Structure formats: structure tokens, C-alpha cells
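Structure, as C-alpha cells:
Number of protein chains: 4
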Amino acid sequence: MSYQHVIKTRYSETAQDGIIHHSSFIVYLEIARIEYFKTIGCDINEIEKEGNISPVVDLSIRYLKPLKSLEEIAVKVVSKNVSRVRFQLEYEISRGSDIVATAISTHCFLNSNFQPIAIPEKFKLK
Amino acid sequence: MSYQHVIKTRYSETAQDGIIHHSSFIVYLEIARIEYFKTIGCDINEIEKEGNISPVVDLSIRYLKPLKSLEEIAVKVVSKNVSRVRFQLEYEISRGSDIVATAISTHCFLNSNFQPIAIPEKFKLK
Amino acid sequence: MSYQHVIKTRYSETAQDGIIHHSSFIVYLEIARIEYFKTIGCDINEIEKEGNISPVVDLSIRYLKPLKSLEEIAVKVVSKNVSRVRFQLEYEISRGSDIVATAISTHCFLNSNFQPIAIPEKFKLK
Amino acid sequence: MSYQHVIKTRYSETAQDGIIHHSSFIVYLEIARIEYFKTIGCDINEIEKEGNISPVVDLSIRYLKPLKSLEEIAVKVVSKNVSRVRFQLEYEISRGSDIVATAISTHCFLNSNFQPIAIPEKFKLK
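Chains as they are written, first to last, in numbering that gives the first Met the number 0: chain A, 0 to 125; chain V, 0 to 125; chain B, 0 to 125; chain P, 0 to 125.
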């Protein structure tokens, strides 16, 4: 499954070098990921109300082109591997036809004692 | 009572105009406020573990001079008025002998239903 | 003149108390302000390319209701006083029919030596 | 060469799941990296004043343990490979004897036209 979310870069996300700070890309990935979760019936606020959290286990990102403020970007999220306790997502951030970054992240689900719990079945539908 | 906390401005807190973004000053105030709280025996993490929160009710800030990245600033916090359900703090952010911003904030304490609760006695010691 | 901009609150803008951090409201004001600027023919990126910046001189905000993550809010910006070297904006942040915050900010324009310059005529049209 | 920098996590860096947001770790890496740069005679503000920037080319991070607000962490930076136009750094974020994250980042230097320039000799000293 895949999902695409459009975001406009913010002035406050730039730094003094005139481009969007690299840490903001990490937030863009999360915004798209949470919207993607919703499309498969997984509301992050609901998950947390039940006492579970879904932290990032690892994350890799390649920055291909600089982004400026007030640019419109599309973040594409693709579900990759899903095991019993982990799932992996791939991302492509693009501006028009330019790919500006690619990324991959791994996630798990933890209960309120920070113990791993099984990945919801919804994530296994491709 | 008053308290002073030293902070170094971060590269990521600048924006494309080359100066520290004005929203970061709000974070500086909070950092100093939380450290001040600790000196009067009020640990914000403990307060929240008990199910209460202490939100900002209002905040005013005057920006007097621009700050650059990697500058050392001192944030002075002074306790002002304390009523039954609100307390007020005044701040001065300085870089060396330069005052770069002044601010005032009002706070309350809420329980987990967002209902106001009495300000802890500790805040009434001046 | 007035302008309204819709924003969705982000997960990353919350803090451990479960609500949107008060510093993020300051960013919401800026996002709406920059979009408002555009509607009166003032592109912030263009202003800065010409070597000028438009910093916040002062800012007051009243927080009326807590915001949660992934809520849709509307930020209304109204132009108030404009003098030769300063202009003032008023804001109302609402969620549905609830006003969650009101704010007022004062701004100036500075050249690259941080000297005040005249407010562009565009800001004087009401 | 290696360098270690101590940081205290901030309240505003947490999210509603009660732990430090994963994007803040990226900022911690940068803070330590910039301090490390200084120790080898490379002031990021000076580099940028000369019209060059040093963006992140890629970044990988493994999150091993959650961090809470107001915790003291140490970020260790180790210089790894340096080629003509790129250099790589490795990081370890620890809290006491616990390693909470490890990371690796690649960087380049670009001139004001976003063209790669040679890595300064200072980076080649190990």
C-alpha cells in the first residue's frame, strides 16, 4: 500500500543557511506516516489512548536537494516489510518532478511498560 | 524570588533571516521557568505524574535585539503576583549587558479534567 | 483587511502534557501572517532577497483552550494599526466555533544593517 | 578524533507519548557536531559568512531507549571517513551508562551556488 501527503514548508523550518533544516524532513515523514496510518484504520491518538505507543526504531534519510521555505512538497509513504513486532516504511519526498529526499523507517508498538506488542493486523494488508 | 539560567542558542533555532526565530524565545522562557520551579521544590515531571498540568494562560514578549546562533544568553525569571489559581512570572533575556527581550507570563494549574486547582503554596514564598 | 488560514496541528507539536505546546501557537500565527502578506502582494522570500527582514517587535497571546494533535484550526489575521515604521496584526485561532487563542503582534521592517525602514505602502490598504 | 557534548533534554522536545520526540535527537546530533567542528577550528558561523554551507547528505539513526524530559545526555562524535568532498561522523547518545541512540551522518561543503567544494584540511586530521 502507498499514500501521498502534500505539505507546504514553513518559514520557521528554515535555518540561517537559507534552506529547510534537515530535522524538519523527519517531521514531514511523520506527518505523512500518521496520515497513512489513518487510511488503514489506525488513528495514532486512539492507539495512545489505549496506552500503547508506536516509536521509531530506526530511520535513514538521504537528502538529495535543498528545500526552501514556502515550497509545496509531496511525501509518498510505502509500506514495506511487516514482521510480528516491527514494520518498515519507505518514503519519497518530492517537489514537482524532483525527488528531494528518500527515507526508510522501522517502527514497533510498545505497551505502557515499554514492552513490545504485536503489530496490528491492519498493517499486514498490502 | 528570582532565578537565572544560561542557555546557548542553537543553529537549528535560526531562520533564513539569519537570526534566532522569535518562537525559540518562548522555549527559552520555559526552560528557565522549569529550572526556577525546581529551585522552589516544584518538579514539572512530578506535577504531571500526579495528573496535573500547568499551562500558560497568557504571555507577552518584547523583542529588543536580534539573537544569532551559538550565542550565550541568560534568562532571568522573577516571581510576581500569585493568586489562588494563577501566578505570574517576569523574564529578562540578556546577552552580556544587553537586554535582548523582556516577557511576562501567567500560568495556572489544571487537573486531568482541565479544571483549575489551587496554586501550590511553594509559589507563594517570595 | 483580514485573512483566514487553516492549519492542522501536528503530532510533533504536542508535549508530554498531551496538548499542543504553547510555542507552536506562535508558529501558527506566523504561518497565517505570511500567507496574509502574500494576499497583499508581499512575499516574505522576496522581501528577504532584497536584503530586508521583518522581525516581530512584540507579541501577546492569550491561551483560552488547549489544542490536541491532529485538530484543524483556523487562524484569522486582521491588520490593525500601521505607522511609518511599524504595523500591528490581530489574530484569532479557532477550532470550529471555539476560540482557542487570541493574539496581537507588532512588526517592523529592517534593512541588512538592522536599521528600520518604512513600512511598504501595501500594508496601509485596509 | 572524538568529542563529547552534554545536553539536557527539554520539556518542549517531548510529545504526547511522554518521551522525547525522535526528531529532537537529530538536533542533538547537530549541536554536538557543531561543537566538535569548533574544536578542530571550524566555526559554522564563519563558514557561512564566507558564503559556504555544510549540509547533511545522509543520516541514519537507531533509537535504542526512550528519553524523558529534563534528562542529561552525552553526545559523542567521532570523525570517520573523509574524502575529497565528503566526510562522515559517527555518534553515540548516552544517558549514564545506557546508550540510547547511535547514528552516522555524511556531510559535504557547498558554495553559494550549491556546488560541492573541497572538505577543509582540518577535517582530515585524526
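The beta carbon of each residue, even a glycine, is placed where N, CA and C say it ideally should be. It should be emphasised that the depicted structure is a prediction, and the values quoted were computed from it without experimental measurement.
Item: Candidates A:Asp97, A:Val84, A:Ala117: which alpha carbon is nearest Glu71 of chain A's?; Value: A:Asp97
Item: What number of angstroms, rounded off, separates the C-alpha of Ile92 of chain B from the C-alpha of Gln87 of chain A?; Value: 37 Å
Item: What is the DSSP secondary structure of Ile46 of chain V, reduced to helix, strand or coil?; Value: helix
Item: Please tell me whether, using a cut-off of 7 Å, the distance from the CB of Asn51 of chain P to the nearest non-hydrogen atom of the ligand SAH is below it.; Value: Because no ligand of any kind appears in the structure shown, any question about the ligand SAH cannot be addressed here.
Item: Please compile the residues from chain V whose C-beta is within a distance smaller than 9 Å of the C-beta of Ser82 of chain P.; Value: Within 9 Å Cβ-Cβ: nothing; Ser82 of chain P doesn't reach chain V, min ~24 Å.
Item: Assuming contact is defined by CB atoms lying nearer than 8 Å, are Lys121 of chain P and Cys41 of chain P in contact in what I supplied?; Value: yes
Item: Run the CB neighbour count on Arg83 of chain B, radius 10 Å, all protein chains shown included, and call it buried at 16 or more, exposed below.; Value: exposed
Item: When the cut-off is 8 Å and only beta carbons count, does Phe86 of chain P lie next to chain A?; Value: no
Item: Among V:Ser104, V:Pro54, V:Lys75, V:Asn110, which residue has its Cα nearest to the Cα of Ile60 of chain V?; Value: V:Ser104
Item: Give me the chain P residues within the contact set of Glu47 of chain A, using Cβ-Cβ distance strictly less than 7 Å, ordered along the chain.; Value: Gln15, Asp16
Item: Suppose only complete runs of 4+ residues qualify. What are the alpha helix (DSSP H) ranges in the stretch 34–97 of chain B, listed by chain order?; Value: 43–48
Item: Mind listing the chain A neighbours of Ile60 of chain P? Cutoff is C-beta to C-beta under 7 Å, in chain order.; Value: Asp57, Leu58
Item: Let's see if you can read the secondary structure: which residues bound the beta strand (DSSP E) around Ile6 of chain P?; Value: 1–7
Item: Check whether the stretch 6–13 of chain V and the stretch 46–59 of chain V touch, using three or more Cβ-Cβ pairs below 8 Å as the test.; Value: no
Item: Taking 8 Å as the CB-CB cut-off, is Glu29 of chain A touching chain B?; Value: yes
Item: Given His21 of chain V, which residues of its chain have a CB within under 7 Å of its CB, disregarding the five upstream and five downstream residues?; Value: Tyr62
Item: Mind listing the chain P neighbours of Ser22 of chain A? Cutoff is C-beta to C-beta under 7 Å, in chain order.; Value: Ser22, Ile25, Val26
Item: Please list, in chain order, the chain P residues whose beta carbon lies closer than 8 Å to that of Tyr10 of chain B.; Value: Ala14, Gln15
Item: Find the residues of chain V that neighbour Ile6 of chain B, judging by a C-beta separation of less than 8 Å, and give them in chain order.; Value: Within chain V, no residue comes near Ile6 of chain B; the closest Cβ sits about 14 Å away, beyond 8 Å.
Item: Looking at Phe113 of chain B and Pro65 of chain V, is the spacing between their C-beta atoms short of 8 Å?; Value: yes
Item: What are the residues that DSSP puts in a beta bridge with Ser137 of chain P?; Value: Residue 137 of chain P lies beyond the range of chain P shown here (0 to 125); nothing can be said about it.
Item: Give me, in chain order, the residues of the same chain whose beta-carbon lies closer than 8 Å to that of Pro119 of chain V; leave out the 5 immediate sequence neighbours on both sides.; Value: Cys41, Phe108
Item: Bridge partners of Ile116 of chain A, per DSSP?; Value: A:Phe108
Item: Run through the DSSP bridge pairs and tell me what Ile19 of chain A is partnered with.; Value: A:Thr13
Item: Count the other C-beta atoms from every protein chain shown that fall within 10 angstroms of the C-beta of Thr38 of chain A, then say buried if there are 16 or more, exposed otherwise.; Value: exposed
Item: Find out if the Cβ-Cβ distance for the pair Tyr2 of chain A, Val99 of chain A is shorter than 8 Å.; Value: no
Item: Can you have a look at Ile116 of chain A and say buried or exposed, based on whether 16 or more other CB atoms are within 10 angstroms of its CB?; Value: exposed
Item: Beta carbons nearer than 7 Å to chain B: which residues of the stretch 85–109 of chain V have them?; Value: none
Item: Using three-state DSSP, classify Val99 of chain P as helix, strand or coil.; Value: strand
Item: Taking the beta carbon of Ser111 of chain B as the centre, do at least 16 other beta carbons fall within 10 Å, making it buried, or is it exposed?; Value: exposed
Item: Going along chain A in order, which residues have a C-beta closer than 8 Å to the C-beta of Ile33 of chain B?; Value: Tyr10, Leu69
Item: Looking at chain V, is there any beta carbon in it that lies within less than 8 Å of the beta carbon of Pro119 of chain B?; Value: no
Item: Ordered along the chain, which non-local residues of its own chain (more than five positions away) have a Cβ less than 8 Å from that of Asp57 of chain A?; Value: Ser104, Thr105
Item: In whole angstroms, what is the alpha-carbon distance linking Pro54 of chain V and Leu28 of chain B?; Value: 19 Å
Item: Counting contacts by CB-CB distance shorter than 8 Å, is Ile116 of chain V in contact with chain P?; Value: no
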